[in-house]
Structure formats: structure tokens, C-alpha cells
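Protein chains in written order, with the working numbering: chain B, 2 to 105; chain S, 522 to 690; chain G, 55 to 552; chain W, 132 to 742. Please read the structure below before turning to the comments.
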Amino acid sequence: MPGLQVPLEHVLMMAAALFIAGLVGLMVRRNIIFILMSLEVMLNASALAFVAAGAHWGQADGQIIFMLILTVAAAEVSVGLGLVLLLQRRFKTLDMDNANRLRD
Amino acid sequence: MMESLFYMAGFVAFTATVLSLSRTNATHALIYLIISLLAVAVMFYLMGAPFAAALEIVVYAGAIMVLFVFVIMMLNLGQAGEQRERQWLAPRIWIVPTLLALILLVEMALAITQISGTTSGVEVTPKEVGLTLFGPYLLAVEIASMLLLAGLVGAYHLGRRSIDRSRQS
Amino acid sequence: MLLLDLIILLFAGGALAWWSESRSAKAPRWLALAFLSLGLLYLLGGVMQIPEQQFSLIPQPDNPQTWLLHYRVDWIPRFGINFELAMDGLSLILVTLTLLLGGVAVVSSWDEISFRPGFFQANLLWTLAGVVGVFLAMDLFLFFLFWEVMLVPMYLLIAIWGHEQKAFASMKFFLFTQFSGLLLLLAILVLASIHANNSGSYSFSYFDLLGTAMSPQLGFWVMLGFFIAFTVKLPAFPFHTWLPDAHTQAPTAGSVILAGILLKTGAYGLLRFTIPLFPQASVDFAPVAMALGAASVIYGAVLAFAQTDFKRLVAYSSVSHMGFVLLGLYAWNILAVQGAVMQMVAHGLSTAALFMTAGALQQRLHTRDMRRMGGLWHNMPRMGATAMFFALASLGLPGLGNFVGEFLVLVGLFAVNPWLAVIAAIGLITAAVYALIMMQHAFQGTPDPQRQLTDYGPREMAAMGVLIIGLLWLGLYPQPVLDVAQPVLESLLAGGAP
Amino acid sequence: MLDFLWLIPLLPLASAALLMVTAGSLPRPLIAACGAGSVGLAALCVLLTGLSWAHDPVPRQMELWTWMQVGTLRPTIGFYLDGLTLVMMSVITGVGFLIHLYSTEFMEEDESLSRYFAYMNLFVAAMLILVMADNLLFLYLGWEGVGLCSYLLVGFWYRDPVNGAAARKAFVVTRIGDTAMALGLLLLFTELGTLDIQQLAELAQGKWQPGDTTIVLATALLLGGAVGKSAQLPLHTWLPDAMAGPTPVSALIHAATMVTAGVYLIARNHELFLLAPPTLLAVAVLGLLTLLLAAFTALNQHDIKRILAYSTISQIGYMFLGLGVGAWSAGIFHLVTHAFFKALLFLAAGAVIHCLHHEHNIFRMGGLRTRLPVAFWSFLIGSAALAALPFTSGFYSKDQILLAAYQWPQIGPWLWAGGLLGALLTAIYSFRLVFIVFFGEAQTEPDRQPGWRMALPLSILCVASIVGGWISLPLAEALPATQSGHPAAAVEWISIAIPVIGVSLAYLIFLGRQLDLSALVNSGLGQRLHQFWYSGWRMDALYNWLWVRPYQFTARLLKDEPVDLAYNGVVHTSVALHHLLSNLQTGRMRWYASTMVGGLIVLLAVLARAG
């Protein structure tokens, strides 16, 4: 089935909007679970931009970068959720602001 | 007809994302997020990237989100957690970051409007993707595999310690 | 080979002392003393074998045969860096002083150190090894290496075994010296690259770099880099402020080495490198340098008078005395330069002894505050008498080494700049003021009847005796030292100022 | 004997070294024997030297070794012997031995006997070096050496901080003069290229005309040294305080020998001073001013030793006056006779103090004539010589100086008149002392009598104080002769009469009470004048205000190292920056994210502008 011909700027605007939504989530939420979700959204938004660009040129590269992003997201989530569990066990909280030991 | 489908998918994706990130209940948020991902998968498909769409559904919406589900179940967040989330979502907390983000969005939009052109409408088949992936991008694949290995080891390490600890206590 | 052996001997001795710490707490100090004596004997034995006439040869920069000893292997040939050591009369005097005062330092901290004694002695010996390297290195890159090598163990000595404000003092010491080291490195690199531009090949050898042609402006700035690096070490006003803190907080052996030897590396650097490498710039700069020297003399003496802390007083007196060295070096005639060398040696001996006294007082009274002393002559007549002797040396009593140095500097300076000589001579009066007030506060006055103190034992008296004999010898028959230094200084003077 | 010249300073030096090294572990009689004996042996050597000198009176130089040789500077450790040296050596070892002998009894009970004799012997050695040195640098060694011993002995009883302060004052004030002298040495060396005294004289005469600026400056600087050491204006303030030391010390150092070193220095370098008439005039005027000032002060003191100290200052003023008017040998002659009678006076005063429980105030003495006859006769003879009563030694020497002053061109008569006024005052204050201490009502009873070791030196010095005026010193070769010619007989007679008048006045005021000055003294002006003179013309207060206070103030101001302020400024700035930056690192992820967004906004804006 042939693909659709949509203006590239629309897709990119869509990606930007999703990215910004994720960014707002990242800045606003304190719960680490939501922060991880926001990160997923942002990664996904950038993936969308890549795929759109790939579709613009009709090449496979966009999708390949998408796959790489997917790998990063998977690795990040696995480690991130591991940390969530650790955080919950050790500090009994999911509040990111309480976990600011990094400062010292 | 197909184009309206595309824009509809976009609308769904954005709405679901916003709803997802403004929920107080993690499970609800997750459901919205999955919807958003599925909508993005639709957009991928419509742009002529069926393989990416499939991966979006299988890996993202399927595997990664299930991971979230498991963790949320393990954490067993109750009503109190929801109450707290609601407090944390007071307007004075989100108004400044949102403003900032909107400024950024405007800047991005200004940048994006400089771009013209459409998607080509050519379908890039999984075969082409596979050939490119294991051709020029072989090194990237290797790096990605290493990254996954590192993620695996990291997750195992973190998880094991927390499990050990819970057993002791 | 002797020169290399000497440095290796000190490094190895340090390592061995460190290792021996686990066997016995007393072993390290014996080992350190043994290695230092061995080094001194080895050096003197080696020097004895040099034919007599070699000592009267004027060391030529381009002919190593005219030096007393010379050793050279390639190190990093690509950048023209060699491992080149050489000894002339000046180095001989200073290296001998280093080893001698090293021994005195070990004796002075004989039972003061209980925490990690092996590591302490190791740091001591490594510092000395670095200093010996500084006095012998004839390759500027190697010189810089040793320059840094001597600082780190010294820093540790202050930081680990210092007194109540050791962290602050050691950090201040480190920052000052490190900053000056950075300037030195920059100046060396610029000089080497100018030389490389001129001649087309890299070299860090002192002999190659002598006489490097450069524009006066550039020469001035590079010279300034060397000058500041060495005057921080010397130290001269206004770069001296690290010294009172470092001296006051350092353990006794650290103060002895710091005052007795480390300060001399600054003077040595000025004499060996700054002035000969940049003759014209140095001549232009001499009035400023001499003014700084005179300012140090007076300022150090006034501040010494103001102190209540025994060690701080002695530290400021060092500033004053090293001012004479700076004056002598930049007066740049044979009288003044000989005086500066003599002052370096004599100041090393007298100040080392005063710091030992301060250390002994601290060990017995647990304070350095002179307001809490008084009448100690009654309790410890031997300590009082030796302290009096060195206070007198410090105020420049004729018949003792310091007078010879100061007088020669003044004679040389007077011919160049009478007014600065007058100012420096005022330093003789102010020196009397602070030296005598020190004796008054610490040893004279009413004794505290409750105080039970042990006087110096044979070990301490032996160390003091060596220093007393040394100062009397320098004061009454300095000719051997002057003769050894004479050819070197003549060659430096001939090659230096036009 | 002349080949063993070096033995003379070596003997006391060796004894000093021995006593220092043994640090009091020797038995006390041995310490005393060692201390006094070494000086006695040295005196014997001087005697032998004098005898062989009498056979062959030629100046000779003797070099032991080269002290240091750098460039043209080649001072030696070497001696020069001529008549002047011989006279000085005789005084130092002769009077020195008597005082050492006296000390063996005076200091008998002191716990630090060994230290005392070590210092005293060291002093004798240094003083001998001073007078025997053949070059100015070696002389300077002796010069500083005696200053050091003076410091050590003034502060000998170190437990009292007052003594320590006096000792420091003595050292520092003389060091001001010494530094001037050192500068003089530098100037002479820079100009003439040598420091050998004989060569200097020769070269200077070849190089300069009388009155050339350089030689005037050089001699003025040497004069600075002499003024400091000899306690002349304006550096005289240390000597009265130096009386804090044991009395034999005052006799030896602060009366007989060290304080006259300045006179010796000027006499020794008379060739240089003759080239500088302005300096010579300054010597005379300073001498005159000092002798008057000190005489007025002496008249108003209560402390027996301070009176003697001011009288010493005054008498050295006479010597300076003599030197200044070209009466070289008269100046040295007065030095010798003064050494005899002032040592006698101090030792007699010491006997009084010793037997009177360390009482110093003359108004708490009195009536001692019968109780301490030895001290009385000694004091009487000493005072007679000091007052220059006819046929005592002081008469001959002082008379020569005054006559020479009278003959000095231009201001000569004025100098003479001033000297006469001084002589009158001298007679008054010296006999005031005798009358108050030894006559009248007894205030304190002595608890002992001086033994033979005190009495013997006193007796010998008594004889010397009387007959000292009849000996002729072998100075003809060493010093230029005073210009001959006799002034009018009236001048002579006045000079003789003045001391007699002074003694009579003293008798009338202080003993016979025929002359009642109490109204004058008790008047407001009298009281104020008394206070003014009692405090030594307020010189101490002046110097305190002029030098000591500002120095202390500066020191206090600088104590906390103002230079560090600059470095601390750098430190504080970096610490402030550090706090600023470390506060940015809150550990809150949301804050980081927000700042990232902020940064991104800026970055994009910049890129947009650039693109």
C-alpha cells in the first residue's frame, strides 16, 4: 500500500507538540513513574520526527533510527524502573525531590 | 479519507498524551499512554513505515508498557498516593514550567515553518529496513546490543539488591 | 653517576623507611639518619676524588669537563629533553647544606612523630631528594620536574603532621607554590619555544638556552615568570604570606627543611636561571627587585617584632633575611653575590636551629605563644644559651656566619645603590629589636615555679653543636666556602649582566 | 713577646669558652679562679708586651689569617700594636683584672657565677680585639662583641623584666650607632677599597682635601658609632638604665672600658677626622653639650649608680671635647685616668651597695664614714679625682683638655667656659654624693665589711687615681701632638680654682648647711626643673614618643599581615562563586529540567538569530 503524502511540517509540529507535552510532564511531575513516562513520550516524539523525515526521503534510515531509539528507551526503562523499585524500598517514596542525595 | 485518518490519529495521540501525563492514578495514565503509542503507530503506518508501526505496537505498547504495569503492581500505590499526586498538581507548580515549554514550542514552531515538503508516500518495506540495518548500520546495531546488555545487567543488579533487601526485612 | 646515585639513594631510603614502619616504630628514623649520613659521606667522598685544580676552574657553560661532576642521558630526545645533572661549587655547597640539615631535621623530630613515622621519614627524604635534584638539574624540564617533586611530600608533611591549622596552612602553601610552579612551567615552555624558533630544534638544556636571543618585551615577560616563581619561593615581599602560616603549622622537621633548604631553591633559581638567562631584562628589572628585597628586610623585621607566636616570629625573620639574599643577587657584583650565597648557608643553619628550639618548646610546653613562656632560662639553661646564640646569629653578630653574608651583601650593594644599602642596614637595627624581644619573652623574665621541664639532652645538644660550630666557622673563617663558590659566581657574573 | 700578641685576647676568650661549655658544672672556686686568673694572665702578658715594646717602640702589624677575601675586600684577623693600643690594653687588662678580682667576692653568692665570669671574660676578649684590631671590620667584630656582653651583663639578673628591658635598650640604642658605623665602613671601603686602618689613613690623605664632603660624611658616620657606644648625645639614654647590671659590670663596661671605645675609635682614626674639620667640630660640640647635660642630670639623681652613670657620660663628654679640639693625647689621658677613678668609684659604690642590702638610694644611706672606712676613703679619693682637685689624676687630664679647648681658634673660649661650668657642676655633684652618703645621720646599718678581694682592688685603684696623673703615656708616636703654647696664667688659675670652689659649694650646701637652697628648690620652678633634670631632660620620653611608640604602633597595625588581604580577596571571591554555583546544583531533577529548557530556549533563539 502506498504511503500518504502529508506536509512534513505538520508531522514535525505533531512531534514537537508531543515532545513539549512530555517536557511539561517531566518538569511538573514529582512522581518518578510519571517522570519515566514523560521521558518515554519525549523519546517517542523524537522517533516520530525521525520516521517522518525518513518517509520524506523514502529511505529506511528513519526507521532504523527509530529502532535505535527504541533500544535506548528499553534500556532506560529497565534501569529506570529498577531504580524506582530501589527508591521505593529504601526511602519509601517515589518523590524525586526527596532523592536529591546526588547533590552531595 | 486517509489524510483525515492521519490527522485524527495525531489528535488522539496528543490528547491521550496530555491526559496521560495529567492523571493522578498511575494505571490510568499508563492506559492513556498506550493509546497514545497506538495512535503514533497508526501515523507511522500511514506515513509508509509499516515495520516501525509494528515495532511501536509490539515493543513499545507491548513490552515496555507491560514493564510499567508490573512495576506499578509491585509498588502497590494506593489511594493515599493518588491524594498526594493531586496536591502535587496544584496550578502554581505547573504554570511556570508550562509557560516555559510553550515558549519553547513557539520557537520550535517558528523553526519548523521554515521547512517545506511532504512525505514521499513511498512505502519502505521491512526488507529494505533489514538490508540497511545489517548493512551500513551494522556498527550501530552492535552498539545498541551492547546498550541493551548494559541495561540488562543494570536492571538485574538493581533489582537483585532490592529483592535481597526485601527478603532480609 | 654520583649525582644520580645520590638522588636514587634518597628516594630509596624514603621507600625503605616507609616499609620499615610496619616492623618497628623506631626503625624509620634510624634508617633516615643512616641514609642521609650515607649520602653525605658518599658526596664528600666523591668530591674528595675530584682533583684539586678542578675546583679553581671556571665552569664553562659549553664544556662539562670544567664542572665538578656531570651526568647526562637522553630522556625524551624528540623534544630535546635530557636527564642532565651537573655540579659546580654552588651546587656542592647547597647540596651539602641540604644533606646536613636533613640530618638535623631527622634528629629534631626524633620522638615528636608517633603517627605513621615511616611515612613521615619517607616524605622527608623525598623532599630532600627533590631539593637535591633541583640543585643539580641542568635541564629545565628536569628542573621543573624536581621542583614539583619536592613540593608534594612537603605538602603532605604539613597537611598530615602539622599543628592545629594544618589544613589551611598546607593548602595555602600548596596554592602559592603551585601557582608559582605554573608560572615557571609557562616561562620554561615559552623560552624553549623561542629557542626552537631560533635554532630549529627543541632543547631544554640550560646550556643551550643560555644566550637565547629574544625581543626585549618578550624577554621581560618571560623573565618576570621566572622571577615571580622564584621569589614566591624565596620568599620576598609581597609574595611571602604563605611562609608564616606554613612554617608555623609545619612539624619541626618540616619547618627546619622549609626554612633551611626549600627557601634556598628560590634564591638558587634566581642566581642560576633568572639572571643568566635574561641578562638584559634582569639589569632593567634590578632596581625593582632590589626594592622588593629592601622592603622584605624591613617588613619582615617589623612583623617579626609584632608576633607573639615563637615560630611565626622566626618565620618573619626568614623573610627579612631572605630579603638580603634578594638584594645581594640583584646587586650583581662578586661581593654581593658571594654575600648572598653566604647568607643562604648561614640563614639555613641559624633558622633551622631556631625552629628546632621552637619545636622543642612546643613539645615541652604545648604552646608556641610567647606570652605563656618566660623565665625558661631558669628551667632549661642549655636551651636558653643555644637559643641566645642563634638569636644573636640571626641579628647579625660579627663572628657568626650571618654577619659575613649580610656585610658582604651590604658592601656590594653600597657600590651599586647606597640608599638601598642604608635601608637594608636599618634592618640590622630592627633585627636586634625582634631577636632580643624573642629572648626576653621566652627565656628571660620571671620563671614559673610550678614548671618542671627537661633541658636538652645529648642528642639535641649534638645537633645544636653541629650548627653552632658551623656558624662560628662560617663567621670566622668563611674562606673555604667563598673559594668553592668563587669560580662559579665569576662565570655567572661574566655571562650575566653585560 | 710581641709574637704572642694573639695570646692576650685568647686567654680570656678560652676561659669564657671553657666556662660556657662546662655551664656551671665546675666547682665554684675554680670558676672564680678561671675567670679572674685568665684576665690576670692576660694583664701579665700585656705587661711583658709593654716591656718589650719599651725596648723597641715601633708600631707593628700581625696577621693571623685572612678573614675573608672577596674581590678587593680582604679584612684579616690581625692585630696592630702601637702606643695607643698598648695604653688601651693596659687599661683593659689591668683595671679588668682588678674588677674581676673584686667580682669573685661581690658575686660569691650568686647562683650563676659561671655565667657571670663567662660573660665578663668574653667581654675582656672582645674589648681587646676592639683595641688591637688592625682593620675596621675586625674592630667592628670587637665593637659588636662588647655590645653583646654589655647586653648580656646588664640583663644578667634576667628574672626581673626591668633588667631585660634595660639590656635591650642598651643593645638597640648602641646598635643604632653601630649601624651608622657600619655604613661608614661601607662608604670608606667603597671609596678607598680597603678597611685596614693604616692604609685607610694613608689613602685618605692622598685622596681628599680637608673638608671634602665624602670624608666628612664617612667620619660623621663613624662618629655615629662612637656616639652610640660612648653614650653621648643623642644616643646616651641607654647608659643610666644599664646600671641594672651587677656593679662590677658597671665599673668595667659602663665606666672604664667599653663606653670609652668611641673615644678610642676617634683617636685611632684621627687621620681621617683631621681631614674633616666639620666632624671634629661636631665632636667637640657634642662633647660639650653632653657633659653639661649629664652634669645637670647627675646633680638631681637619687640612685648612687645613676649619679655615677651620668657622671661617666659627662666625663666622656670631656674626652670628646678633648678630641674635638685636637688634644688627642689629653683625651686618651683622660680616658685612662677616668678608667681608674671611675672604676674606683663604682667599685666603692658596689661595696656600699653590697654591704647595705642592695640599697641604691643615697638618701637612705649616710654616716657611712666610720662604718665603711674602706669604701669611704676610696670614694673620697675617687671623687677628688673626678672633681679634678689639684694633684689628683683627674686634675692633670682635665686641665690639659680645658687648656687645649681654650686655645682652639674661634669658639675655643666658649668651649673652655662650658667645660669650666661642667667642672664646677662635677665638683658639686661628686661631693654631694660623698657628703650625703658618708656624713650625717646613719640611715641603714651595713651588715658586713668588704673582704680583702674587694679591699685590695680598691686600694690599688686609690693609688692609681692619685698617681695616675704623673705617668706619661707612650702616645707621642701614635697621636699628633697638641699645639703648644701656654695661655695666660689667669686661665690656668681659673681652671685650678673652679673645682675647689665647687667642692666648697657642695660642702656649704650639703654638709655645713650654711647655704640654704631649699627655698629655691621647693619653688614651683625649682621643682619643675628638678623633675626635668631628674628625668634626664625628658630624653627618654621624647624618644619614646618619637621612635618607640610609632614603631610599636606600626608593628601592631601590620601584625595581621595586610598583604594577605589581597590574597584573601581572591580566596573570598572564589568561595562566593563556589557557593553560587553549588547552590545551582539543588539535586532536584525538575529544577534541572527547567534550567535545561531555559537553556534550550536561549540556544534556539541564538541559533534562530544566527540562521
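Note that beta-carbon positions come from the ideal geometry of N, C-alpha and C, so glycine has one too.
For B:L40, there are no CB contacts under 6 Å within the same chain when 5 residues up- and downstream are skipped. Shown here for W:S445: same chain residues with a beta carbon closer than 6 Å to its own, the five before and five after excluded, namely L422, A425, A426 in chain order.
In the three-state scheme derived from DSSP, where H, G and I count as helix and E and B as strand, W:M193 is classed as strand.
Cβ proximity to chain W below 8 Å picks out E628, M629, L631, A632 from the region 626–651 of chain S. With at least 16 other beta carbons inside 10 angstroms of its own, G:D262 counts as buried. W:W664 is a Cβ neighbour of W:N431, given a cutoff of 9 Å.
The region 165–175 of chain W and the region 447–466 of chain G do not touch, with fewer than 3 CB-CB distances between them shorter than 8 Å. Per the C-alpha coordinates, the member of G:F89, G:G499, G:W121 positioned closest to G:S545 is G:W121.
By the CB criterion at 9 Å, W:V728 and B:M28 fall inside the cutoff. With a 10 Å radius around the Cβ and a threshold of 16 neighbouring Cβ atoms, G:K226 comes out buried.
What G:P452 touches in chain W, judged by beta-carbon distance under 9 Å, is L268, F269, Y271, L272, G273, W274, E275, G276, going in chain order. Selection G:T150, G:R170, G:V161, G:Y125 evaluated against G:S76 yields G:R170 as nearest (Cα-Cα). Listed along chain W, the residues sitting closer than 9 Å to G:G499 by beta-carbon distance are Y289, R290, D291, P292, G295.
Taking a Cβ-Cβ threshold of 9 Å, none of the residues of chain S is close to W:V737; the smallest such distance is about 11 Å.
Between the region 487–497 of chain G and the region 435–443 of chain G there are three or more inter-stretch CB-CB distances shorter than 8 Å, so the stretches are counted as touching.
In terms of beta-carbon proximity, S:G531 lines the interface with chain B, with at least one pair separated by less than 9 Å. Here DSSP, grouped into helix, strand and coil, assigns B:R30 to coil. In the structure shown, the three-state DSSP call for W:L354 is helix. The bridge partners DSSP lists for G:V127 are G:F137.
Chain-ordered, the chain W residues with CB closer than 7 Å to the CB of S:P618 read S725. If you compare the alpha carbons of G:R422, G:R418, G:A400, G:I112 with that of G:I522, the shortest gap goes to G:A400.
Look at W:G700: its C-beta is not under 9 Å from any C-beta on chain S. Cβ atoms of W:G633 and W:T557 come within 8 Å of each other, at about 7 Å. Note that the C-beta distance between G:S162 and G:V310 is below 9 Å.
In the pairwise beta carbon analysis, the region 267–278 of chain W is classified as not touching the region 336–346 of chain W: fewer than three pairs are separated by under 8 Å. Only residues of its own chain outside the window of five on either side were considered, and among them A256 have a CB closer than 6 Å to the CB of W:L144, listed in chain order.
Residue environment: W:W459 is assigned as buried (16 or more neighbouring CB atoms within 10 Å of its CB, all protein chains considered). The Cβ of W:V728 sits closer than 9 Å to at least one Cβ of chain B. Between the beta-carbon of W:L689 and that of G:A360 there is about 6 Å, and that keeps the pair under the 8 Å contact cut. Distances from the alpha-carbon of G:A485 to those of G:F468, G:I352, G:P298 put G:I352 closest.
Contact check for W:R299 against W:P371 fails: the beta carbons are separated by 9 Å or more. As summarised for the region 32–88 of chain B, there are no continuous beta strand (DSSP E) elements at least 3 residues long confined to that stretch. For the set W:D309, W:T310, W:Y250, W:A311, the Cα lying nearest the Cα of W:S281 is the one of W:Y250. The residues A485, A486, A489, in chain order, have a CB closer than 7 Å to that of G:L449 in the same chain once the five nearest residues on each side in sequence are set aside. DSSP, read as helix, strand or coil, puts B:Q6 in coil. Counting the other Cβ atoms within 10 Å of the Cβ of G:P305 gives 16 or more, which makes it buried.
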